[in-house]
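A.B. asks:
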Amino acid sequence: MLMTGPAADELADPVGEIDLYDPARYAARSQHGAWHRLRRDHPIWPQETPDGIRFWSVTRYRDVAAVLMDDKNFSSEHGTILAVAAGDSAGGKTINLMDQPKHADVRLPTMRLMSTHTVRNRADQVRARVRRLVADVFDAGGTVDVAELMLHLPMCAVGETIGLPESIFDDLPRWAMAGVAPEDPQYAEGSPAETLRKAHHNLIAVFSELIRYKQAHPADDVVSVLLGLRPDGRPMDAHEVLLNCYSFAMGSVTTTAQVASHLILALAEQPEAWQRLRSTPGLVPAAVEESLRWASPTNHLLRRTNAPVEIAGTRLEAGELVAAWVASADRDDAIFADPYTFDPGRNPNPHLAFGLGPHRCIGGPPAQQVLGVLLEEMIDRLSEFHVAGPVTHLTSNFINGITSLPVDFQPVSARRAAVIT
Ligand code: HEM
18 MLMTGPAADE
28 LADPVGEIDL
38 YDPARYAARS
48 QHGAWHRLRR
58 DHPIWPQETP
68 DGIRFWSVTR
78 YRDVAAVLMD
88 DKNFSSEHGT
98 ILAVAAGDSA
108 GGKTINLMDQ
118 PKHADVRLPT
128 MRLMSTHTVR
138 NRADQVRARV
148 RRLVADVFDA
158 GGTVDVAELM
168 LHLPMCAVGE
178 TIGLPESIFD
188 DLPRWAMAGV
198 APEDPQYAEG
208 SPAETLRKAH
218 HNLIAVFSEL
228 IRYKQAHPAD
238 DVVSVLLGLR
248 PDGRPMDAHE
258 VLLNCYSFAM
268 GSVTTTAQVA
278 SHLILALAEQ
288 PEAWQRLRST
298 PGLVPAAVEE
308 SLRWASPTNH
318 LLRRTNAPVE
328 IAGTRLEAGE
338 LVAAWVASAD
348 RDDAIFADPY
358 TFDPGRNPNP
368 HLAFGLGPHR
378 CIGGPPAQQV
388 LGVLLEEMID
398 RLSEFHVAGP
408 VTHLTSNFIN
418 GITSLPVDFQ
428 PVSARRAAVI
438 T
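For the sequence shown, the numbering used here gives the first residue as 18, with consecutive numbering after it.
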């Protein structure tokens, strides 16, 4: 999605023009005008999917937070993305699609593997992987498609933690993106249905083999932990473990990479922010949080009401779908001063990019770590970089993604050499 703030004429458009569902709109334009308008005038907004399924949108920070915090009234089991508004077949089986008490049985043991403490112990390994990923381009300079390159960043952070074999680090990101955005031409292999089928086929094949391997060779990783769990008092079967592997792999790949691409694009477009970071590297942690707020890579999170409940001043009956627009909450000027500006020093920054409440992202610490390492490597090795060609955006109402971002990088050494000669 384009990241421009609302244009004056958009704020006067008839609200009937607003469409938060159409995935193509996210490839072609910014939705920030629509969200701004809804926050201002219609904090709860009904719309139908193309299949005629009604969903309510909440767009203000406090309403998005209220929905995400209240898992008693707002259930995840029906599905958490609009693409499966009719109901997700993995409902009740994967960590992100479970309600209490089963959810806690899966979350607590897997969360340990991604705690701040565990992540700190892996810092050297993560830095070595990031260096290998960016070495060619940061050392030699030149033009590279950052969107393509950054797809490999998440595996630097959590590939081993999840238990994935290095042999699939190269292919997994494309399959994951095809699985989350089968309509996008960048990842299409035939029709959207065929693309989805092929992506699932590839992912299921590698996860099935991985599960067989981990059954015989357990280690301290997510897949091995899942194999030993007994949610609801019975062991997870291989199919449930497989579905959870899918959630972890998708959860890491489709988000972390997009924050990195949006961060690089924002810094390329705002050289003053880049220079500020270079001269004040102590801002890196704040800049990472700002990149999370700025990108908010999961645009929405869907919930279904379990009981009659009031939200945004409206009473909803049980069984209603509510889309909590995280990307809108993170531009709410009731919380964030100057929300349409990328400010690498923003503090405080209580963004909702990782969600909130019982399902808040458990991959937050490794994601923050790898984004910080990337920024530090950029500060150490790059003097300047510029967008060097057309930028294209993902066709998806769920993931705020960039599909192509050609950037021309100039390493520090090249600048020094130019000054000397
Ligand atoms: C910048 C990177 C990331 C962002 C923005 C992000 C975003 C999110 C969000 C918004 C949720 C909440 C979903 C909900 O409430 O329905 C979530 C949950 C989750 N994320 Fe992440 N994520 C990121 C990285 C990761 C990584 C690296 C992993 C690692 C495996 C991961 C694994 C998960 C899992 C397993 C859940 C489900 C937690 C639960 O339901 O209890 N994510 N993520």
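Heads up, the beta-carbon is just placed ideally off N, CA and C, and yes, glycines get one too.
Closer than 6 angstroms to a non-hydrogen atom of the ligand HEM - does that hold for the CB of Leu318?
C.D. replies: Here the question's residue 318 lines up with position 301 in the sequence shown. Yes - the ligand HEM has a heavy atom lying nearer than 6 angstroms to the Cβ of Leu318.
A.B. asks: Taking just the CA atoms, how far does Val339 sit from Ala329?
C.D. replies: The count along the sequence shown starts at 1 and reaches residue 329 at position 312. The count along the sequence shown starts at 1 and reaches residue 339 at position 322. Cα to Cα, Ala329 sits roughly 11 angstroms from Val339.
A.B. asks: Quick one: what does DSSP say Leu168 is sitting in, helix, strand or coil?
C.D. replies: One-based indexing of the sequence shown puts residue 168 at position 151. It is coil, neither helix nor strand.
A.B. asks: Could you pull out every unbroken alpha helix (DSSP H) segment of at least 4 residues lying fully inside the region 236–309, listed in chain order?
C.D. replies: Complete alpha helix (DSSP H) runs here, min 4: 239–244, 255–286, 288–296.
A.B. asks: Quick test of your reading: Asn414 and Tyr43, contact by CB under 8 angstroms. State the CB separation rounded to the nearest angstrom.
C.D. replies: Within the sequence shown, residue 414 is the residue found at index 397, counting from 1. Within the sequence shown, residue 43 is the residue found at index 26, counting from 1. Rounded, the Cβ-Cβ distance is 6 angstroms, consistent with contact.
A.B. asks: Would you say the beta carbon of Ile328 comes nearer than 6 angstroms to a heavy atom of the ligand HEM?
C.D. replies: As a first step, residue 328 is located in the sequence shown; it is residue number 311 there, counting from the start. No, Cβ of Ile328 sits at least 6 angstroms from all heavy atoms of the ligand HEM.
A.B. asks: Taking just the CA atoms, how far does Thr178 sit from Glu94?
C.D. replies: Your numbering for residue 94 matches position 77 in the sequence shown. Your numbering for residue 178 matches position 161 in the sequence shown. Spanning the two alpha carbons is a distance of roughly 26 angstroms.
A.B. asks: With DSSP run on the structure shown, which of helix, strand or coil describes Asp153?
C.D. replies: Working through the sequence shown from its first residue, we reach residue 153 at position 136. If DSSP states are grouped into helix, strand and coil, Asp153 belongs with the helices.
A.B. asks: What is the DSSP secondary structure of Asp39, counted as helix, strand or coil?
C.D. replies: As a first step, residue 39 must be located in the sequence shown, where it is residue number 22. If DSSP states are grouped into helix, strand and coil, Asp39 belongs with coil.
A.B. asks: State the Cα-Cα distance for the pair Val163 and His317, rounded to the nearest angstrom.
C.D. replies: Within the sequence shown, the letter at position 146 stands for residue 163. Within the sequence shown, the letter at position 300 stands for residue 317. Rounded to the nearest angstrom, the two C-alpha atoms are 25 angstroms apart.
A.B. asks: Is any heavy atom in the ligand HEM found nearer than 6 angstroms to the beta carbon of Pro383?
C.D. replies: Locating residue 383 in the sequence shown gives position 366, counting from the first residue. Indeed, a heavy atom of the ligand HEM lies less than 6 angstroms from the Cβ.
A.B. asks: Check each candidate in Leu19, Gly418, Arg54 and name the one with the smallest Cα separation from Ala25.
C.D. replies: Here residue 25 refers to the residue found at position 8 of the sequence shown. Closest option to Ala25, Cα to Cα, is Arg54.
A.B. asks: The ligand HEM heavy atoms versus the CB of Ser421: any closer than 6 angstroms?
C.D. replies: Position 404 of the sequence shown, counted from the start, is the residue given in the question as residue 421. The answer is no for Ser421.
A.B. asks: In whole angstroms, what is the alpha-carbon distance linking Ser132 and Ala29?
C.D. replies: Taking the first residue of the sequence shown as position 1, residue 132 is located at position 115. Taking the first residue of the sequence shown as position 1, residue 29 is located at position 12. Each residue's Cα considered, the two are about 46 angstroms apart.
A.B. asks: What would DSSP say about Ile179, mapped onto helix, strand or coil?
C.D. replies: The residue labelled residue 179 in the question sits at position 162 within the sequence shown. The answer is helix: DSSP assigns Ile179 an H, G or I state.
A.B. asks: Nearer than 6 angstroms: is that true of the beta carbon of Cys378 relative to any heavy atom of the ligand HEM?
C.D. replies: Here residue 378 refers to the residue found at position 361 when the sequence shown is read from its first residue. Cys378 Cβ: within cutoff of the ligand HEM.
A.B. asks: Relative to the alpha-carbon of Arg149, which residue among Pro182, Glu394, His410, Gly104 has its alpha-carbon at the smallest distance?
C.D. replies: Taking the first residue of the sequence shown as position 1, residue 149 is located at position 132. Among Pro182, Glu394, His410, Gly104, the Cα nearest to that of Arg149 is on Glu394.
A.B. asks: My output table needs one value for Gln117: the three-state DSSP class, helix, strand or coil.
C.D. replies: The residue labelled residue 117 in the question sits at position 100 within the sequence shown. Of the three classes helix, strand and coil, the one that applies to Gln117 here is coil, per DSSP.
A.B. asks: If I measure Cβ to Cβ from Leu168 and keep anything under 8 angstroms in the same chain, skipping five residues before and after, which residues do I get?
C.D. replies: Translated into the one-based positions of the sequence shown, residue 168 becomes position 151. Cβ within range, chain order: Pro190, Arg191, Met194, Val270, Ala274.
A.B. asks: Near Phe359, what residues of its chain come up, given a Cβ to Cβ distance below 7 angstroms and the 5 sequence neighbours on each side ignored?
C.D. replies: Here residue 359 refers to the residue found at position 342 when the sequence shown is read from its first residue. Result list for Phe359: Ala283, Gln287, Ala290, Glu307, Trp311, in chain order.
A.B. asks: Let's see if you can read the secondary structure: which residues bound the beta strand (DSSP E) around Pro428?
C.D. replies: Looking up residue 428 in the sequence shown gives position 411. Pro428 -> beta strand (DSSP E) spans 423–428.
A.B. asks: Taking only heavy atoms of the ligand HEM into account, decide whether any of them is closer than 6 angstroms to the Cβ of Phe224.
C.D. replies: Here the question's residue 224 lines up with position 207 in the sequence shown. Outside the cutoff, so no.
A.B. asks: Cutting at 6 angstroms between CB atoms, please list the residues of its own chain near Ile61, excluding the five before and the five after it.
C.D. replies: Numbered from its first residue, the sequence shown carries residue 61 at position 44. Closer than 6 angstroms at Cβ, skipping near neighbours: Trp73, Val75, Ala329, Thr331.
A.B. asks: Only counting the same chain, and skipping five residues up and downstream in sequence, which positions put a Cβ closer than 7 angstroms to that of Cys173?
C.D. replies: Counted from its first residue, the sequence shown places residue 173 at position 156. For Cys173, where only same-chain residues beyond five positions count, the Cβ hits under 7 angstroms are Val143, Arg146, Val147, Leu150, Val387.
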